[in-house]
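Student: Can you read through this structure? Questions will come right after.
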Amino acid sequence: MPQMVPLLAQANSAETFLTKLIDGLALGSIYAILALGLVIIFKSTQVLSFAHGAVAALGAYLAAYFVTVINWPGRYFESLPVTLSFIISGFVAVAFAALVGMLIERIFIRPMIGQPLFSIAMITIGIDIVVRTFVGDLLGQGGNLSVGSPWGILSISKFGEIVVPHVFIAAIVTVVVVVGVLILFFRTRMGVAMRATAFDQEAAMAQGISAGRIFALAWALGAVLAAIGGIFASISPRGFGVTGGTAFFALRAFPAIIIGGLDSIAGAVVGGFTIGIAEIMLGHYLAGASGTLGLGFTGLIPYLLMMGFLLIRPYGLFGTEEIRRV
Amino acid sequence: MLEVSNLEVVYNDVVLVLRGLSIEVPDGKIVALLGANGAGKTTSIRAITGLLDVHEGDITKGEIKWQGERIDKKDPSDIVKSGITQVMEGRRVFAEMTVDENLRTGAFTKRGTSKEAYDKVYDMFPALASRRKDTAGYLSGGEQQMLAIGRALMADPKLLILDEPSLGLAPKLVQQIKQIIVDVNNTGVAVLLIEQNANMALSIASFGYIMETGKVVMDGNSDKLLNDEDVQEFYLGLHGTGERKSFRDVKHYKRRKRWLS
Ligand SMILES: Nc1ncnc2c1ncn2[C@@H]1O[C@H](COP(=O)(O)OP(=O)(O)OP(=O)(O)O)[C@@H](O)[C@H]1O
Ligand SMILES: [Mg+2]
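Those protein sequence lines, which keep their order, are chains P and Z. Its first residue numbered 15, the first sequence is counted upward by one per residue in my numbering. Its first residue numbered -6, the second sequence is counted upward by one per residue in my numbering.
Take a look at the structure:
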């Protein structure tokens, strides 16, 4: 994670403002993907997964493993462009993450159905610790595994006339993911079944929808989005590899969904962008105004915003009012 | 044919709600299941459709057979696939979803449901046809009941179970629902109709069961039940004062029944 604290207070020019806004949007799009995964799990199963950050880190680790450790599929095709090889590895890592999500649901969550939500939340904390420790062991001594430089070392790529700043790749992926999720939920048989189950589980079961399968799907999807977010958090220009901090970074999906509303897809996206922009902008301007806030301050901004929202509007911008008692 | 025999259901391992319930629904017939609040009607349906788990309920005795096969250990989706669907008590439409989407959930077990299947339901319920894209939560109570029935029909059932479909509806709508049930039955679908409106149910059913505290206390052809003095008094509201009799009288009724049998 880059530190945005300038050494000297800059002039607050319009240009700086714009640069910071773009930077905030780019960061926010990663939060939005992570938050979307959390919301899908919550909406479908009423469970807030505190293991989301750990799953994101695991997904990022899997990507790093395929890219850096075993160089797959690049090792078999020497002429394969790095970017393409990375994308393929990324897809494989994400598929593995889906499997992990399904396993978590099957092993830990399904047997807990009917138990108080509090107990299930506690279970996810347990899963978080286990997965994070596991990833930490995999990372080993240095505690950092590079995912390579999939986009090369420059900050932009040119495709003929089109110039793509690398900070925007995550944003483009976010758009694709959001559109994909909307198509899933509103156009497909499984998606409609997921929404029905979220609304009234028993009535959905009475239609022959298997709640277990829906839960598994939701966790798989949640883990996929966590992994994508984790990967983007670990590659340039946002990060420099998978570290212990990756899970911590991904946990900011929580402030995002609390701001947006726990059960709202739109809320996850808006919440993600809100904390991304706030983190960069406030980090920049407040650090300029006061040197006493310290370097860690930017990372706290999402949580401070979250606390503010919990006091003023506990169900978030788009959330359902009843849901605030979690 | 649906055969429920000697069914016992317990909630939370302690509350015995069904105490040896036995009913039958022959193919293609309408059968009424009547009873006062708390008699265990909804519980019977949950048992038949595999939804007891959701309520911490268990079948502790007896069995349920459908087309000769036991279904009391099957899960709800297999039961729907085998041809039994229900219209739940209280309609339970997916209020946040559109009319179309609600029907789509009903067709979940039928992959690749054709446009014709939707059209068939919309033909049956013209009031819904003009509101396909509307949110179900904004429909009137009667329209929601029709949607709930249409949704259940999307699974192409051989047996349709309706749990108090007339509840809370104006008399005119009750007549409409009644006609719909008859129409559905005319397409060859057997119907198990749970009602507190005994008059309505018995007027279209060929056979009726009356249950109290978890078991059948009386059964017979509909006209026999309609003309039975006790039934008239306790379920059709035809006795002198125009009010239902008190709980004590119901107990008395039960005692008398046992005496007679
Ligand atoms: N989930 C549950 N846990 C414990 N007891 C229950 C549960 N559901 C129902 N009961 C009890 O079982 C009995 C029968 O309930 P049921 O809903 O089956 O009756 P019903 O005949 O459908 O009544 P109504 O006409 O009011 O719908 C009632 O005494 C009720 O309190
Ligand atoms: Mg009932």
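For each residue, glycine too, the CB sits at the ideal point set by N, CA and C.
VAL96/P and SER163/P - do their beta-carbons sit closer together than 9 Å?
Tutor: Stepping through the first sequence from its first residue, residue 163/P is reached at position 149. Stepping through the first sequence from its first residue, residue 96/P is reached at position 82. Taking 9 Å as the Cβ cut-off, SER163/P and VAL96/P qualify as a contacting pair.
Student: Any idea what DSSP makes of PHE105/P, helix, strand or coil?
Tutor: Your numbering for residue 105/P matches position 91 in the first sequence. In the structure shown, PHE105/P sits in a helix (DSSP, three-state: H, G or I).
Student: I'd like the ranges of any beta strand (DSSP E) spanning at least 3 consecutive residues and lying wholly in the stretch 154 to 214 of chain Z.
Tutor: 183 to 188, 200 to 205 and 208 to 214
Student: In chain Z, which residues lie with their C-beta within 7 Å of the C-beta of GLY222/P?
Tutor: Start at 1 with the first residue of the first sequence, and residue 222/P comes out as number 208. The answer, in chain order, is PRO69, SER70, VAL73, LYS74, PHE101, THR102 and ALA148.
Student: Does at least one heavy atom of ligand 1 sit under 8 Å from the Cβ of TYR4/Z?
Tutor: For this step, residue 4/Z is matched to residue 11 along the second sequence. Correct: TYR4/Z has its Cβ closer than 8 Å to ligand 1.
Student: Looking at C-beta atoms only, is the number of pairs between the stretch 99 to 109 of chain Z and the stretch 139 to 155 of chain Z that lie closer than 8 Å three or more?
Tutor: The stretch 139 to 155 of chain Z and the stretch 99 to 109 of chain Z touch, with three or more beta-carbon pairs separated by less than 8 Å.
Student: DSSP state of LYS172/P, grouped into three classes?
Tutor: Position 158 of the first sequence, counted from the first residue, corresponds to residue 172/P. Correct three-state label for LYS172/P: strand.
Student: Report the residue ranges of all beta strand (DSSP E) runs contained in full by the stretch 171 to 247 of chain P; include only those spanning at least 3 residues, in chain order.
Tutor: If we require 3 residues or more, the beta strand (DSSP E) runs fully inside the stretch 171 to 247 of chain P come out as 176 to 179.
Student: Under DSSP, the beta strand (DSSP E) around ILE23/Z begins and ends at which residues?
Tutor: Within the second sequence, numbered from 1, the residue matching residue 23/Z stands at position 30. ILE23/Z -> beta strand (DSSP E) spans 23 to 28.
Student: Which of the three DSSP states is assigned to GLY162/P in this structure?
Tutor: For the purposes of this step, residue 162/P is taken as the residue at position 148 of the first sequence. Reduced to three states, the DSSP call for GLY162/P is coil.
Student: Since GLY50/Z sits in a beta bridge, which residues does DSSP pair it with?
Tutor: Locating residue 50/Z in the second sequence gives position 57, where the first residue counts as 1. Answer is TYR4/Z, bridged to GLY50/Z.
Student: Mind listing the chain P neighbours of VAL47/Z? Cutoff is C-beta to C-beta under 8 Å, in chain order.
Tutor: Stepping through the second sequence from its first residue, residue 47/Z is reached at position 54. What VAL47/Z touches in chain P: GLN215, GLU216 and MET219.
Student: Should THR211/P be counted as a contact of ligand 2 given a C-beta to heavy atom distance under 8 Å?
Tutor: For the purposes of this step, residue 211/P is identified with residue 197 of the first sequence, where counting begins at 1. A distance criterion of 8 Å places the beta-carbon of THR211/P beyond contact range of ligand 2, judged by its closest non-hydrogen atom.
Student: Rounding to the nearest angstrom, what Cα-Cα distance links VAL191/P and ILE41/Z in this structure?
Tutor: Indexing the first sequence from 1 puts residue 191/P at position 177. Indexing the second sequence from 1 puts residue 41/Z at position 48. If I take the Cα positions, the gap works out to 41 Å.
Student: So, does the CB of GLY128/P fall closer than 9 Å to a CB anywhere in chain Z?
Tutor: Here residue 128/P refers to the residue found at position 114 of the first sequence. Yes, contact with chain Z.
Student: Can you pull the DSSP bridge partners for VAL256/P?
Tutor: Within the first sequence, the letter at position 242 stands for residue 256/P. Paired residues: LEU159/P.
Student: Can you give the Cα-Cα distance for PHE200/P and ALA261/P, rounded to whole angstroms?
Tutor: Here residue 200/P corresponds to residue number 186 of the first sequence, with the count starting at 1. Here residue 261/P corresponds to residue number 247 of the first sequence, with the count starting at 1. Rounded to whole angstroms, PHE200/P to ALA261/P spans 31 Å at the Cα level.
Student: Check each candidate in TRP233/P, ALA264/P and ILE245/P and name the one with the smallest Cα separation from GLN60/P.
Tutor: Mapped onto the first sequence, residue 60/P falls at position 46. Closest by alpha carbon: TRP233/P.
Student: What residue from GLY274/P, ARG327/P, ARG266/P and PHE332/P has the CA that sits closest to ALA68/P's CA?
Tutor: Along the first sequence, one-based indexing puts residue 68/P at 54. Considering only alpha carbons, the answer is ARG266/P.
Student: Taking the Cβ atom as the reference point for each residue, do SER37/Z and VAL(-3)/Z lie within a distance shorter than 9 Å?
Tutor: As a first step, residue 37/Z must be located in the second sequence, where it is residue number 44. As a first step, residue -3/Z must be located in the second sequence, where it is residue number 4. The answer is yes: Cβ separation under 9 Å.
Student: Looking only at its chain, what residues have a beta carbon closer than 7 Å to the beta carbon of ASN5/Z, apart from the 5 residues adjacent to it on each side?
Tutor: For the purposes of this step, residue 5/Z is taken as residue 12 along the second sequence, with counting starting at 1. For ASN5/Z, where only same-chain residues beyond five positions count, the Cβ hits under 7 Å are GLU49.
Student: Closest to ASP214/P by C-alpha separation, out of THR98/Z, VAL177/Z, GLY207/Z and GLU136/Z, would be which residue?
Tutor: Along the first sequence, read from residue 1 onward, the residue named residue 214/P stands at position 200. Closest option to ASP214/P, Cα to Cα, is THR98/Z.
Student: With a threshold of 9 Å between beta-carbons, can LEU26/Z be considered close to chain P, or not?
Tutor: Within the second sequence, numbered from 1, the residue matching residue 26/Z stands at position 33. Judged by the 9 Å Cβ criterion, LEU26/Z is not in contact with chain P.
Student: Name, going along the chain, the residues of the stretch 188 to 221 of chain Z whose beta-carbon falls closer than 9 Å to a beta-carbon of chain A.
Tutor: The structure shown contains no chain A; the protein chains it does contain are P and Z.
Student: With burial defined as no fewer than 16 other Cβ atoms inside 10 Å of the residue's Cβ, what is the status of THR33/P: buried or exposed?
Tutor: Sequence index remark: in the first sequence, residue 33/P carries index 19 (1-based). THR33/P comes out exposed.
Student: Just to make sure I have the definition right: I need the residues of chain P whose C-beta is within less than 8 Å of the C-beta of SER144/Z. Which are they?
Tutor: Here the question's residue 144/Z lines up with position 151 in the second sequence. Before going on, a small fix: residue 144/Z reads as Arg here, not Ser. Ordered by position in chain P, the residues that pass the 8 Å Cβ test against ARG144/Z are GLN221.
Student: On the three-state DSSP scale, how would you describe ASN220/Z?
Tutor: Along the second sequence, read from residue 1 onward, the residue named residue 220/Z stands at position 227. The answer is helix: DSSP assigns ASN220/Z an H, G or I state.
Student: Would you say ARG85/Z reaches chain P, if we count a Cβ-Cβ gap shorter than 9 Å as a contact?
Tutor: Counting from one through the second sequence, the residue named residue 85/Z turns up at place 92. Yes, ARG85/Z counts as interfacial toward chain P.
Student: So which residues put a beta carbon under 5 Å from any heavy atom of ligand 1, going in chain order?
Tutor: TYR4/Z, VAL8/Z, VAL10/Z, ASN30/Z, GLY31/Z, ALA32/Z, GLY33/Z, LYS34/Z, THR35/Z, THR36/Z and HIS48/Z
Student: Taking only beta-carbon positions, decide if VAL206/P is within less than 9 Å of chain Z.
Tutor: As a first step, residue 206/P is located in the first sequence; it is residue number 192 there, counting from the start. Nearest CB-CB separation between VAL206/P and chain Z: below the 9 Å threshold.
Student: Nearer than 8 Å: is that true of the beta carbon of GLU82/Z relative to any heavy atom of ligand 2?
Tutor: Counting from 1 along the second sequence, the entry for residue 82/Z is found at position 89. Under cutoff, so the answer is yes.
Student: Name the chain P residues whose beta carbon is nearer than 8 Å to that of THR42/Z?
Tutor: On the second sequence, position 49 is the one that residue 42/Z refers to. Those are ALA220, listed as they occur along chain P.
Student: How far does the beta strand (DSSP E) with VAL80/Z in it extend, from its first residue to its last?
Tutor: Within the second sequence, residue 80/Z is the residue found at index 87, counting from 1. 77 to 80 is the extent of the beta strand (DSSP E) around VAL80/Z.
Student: Just the Cα atoms here: how many angstroms apart are LYS208/Z and LEU9/Z?
Tutor: Walking along the second sequence from the start, residue 208/Z turns up at place 215. Walking along the second sequence from the start, residue 9/Z turns up at place 16. Roughly 11 Å separates the two Cα atoms.
Student: Could you say if the stretch 21 to 32 of chain Z and the stretch 195 to 214 of chain Z meet the contact criterion of at least three C-beta pairs nearer than 8 Å?
Tutor: yes
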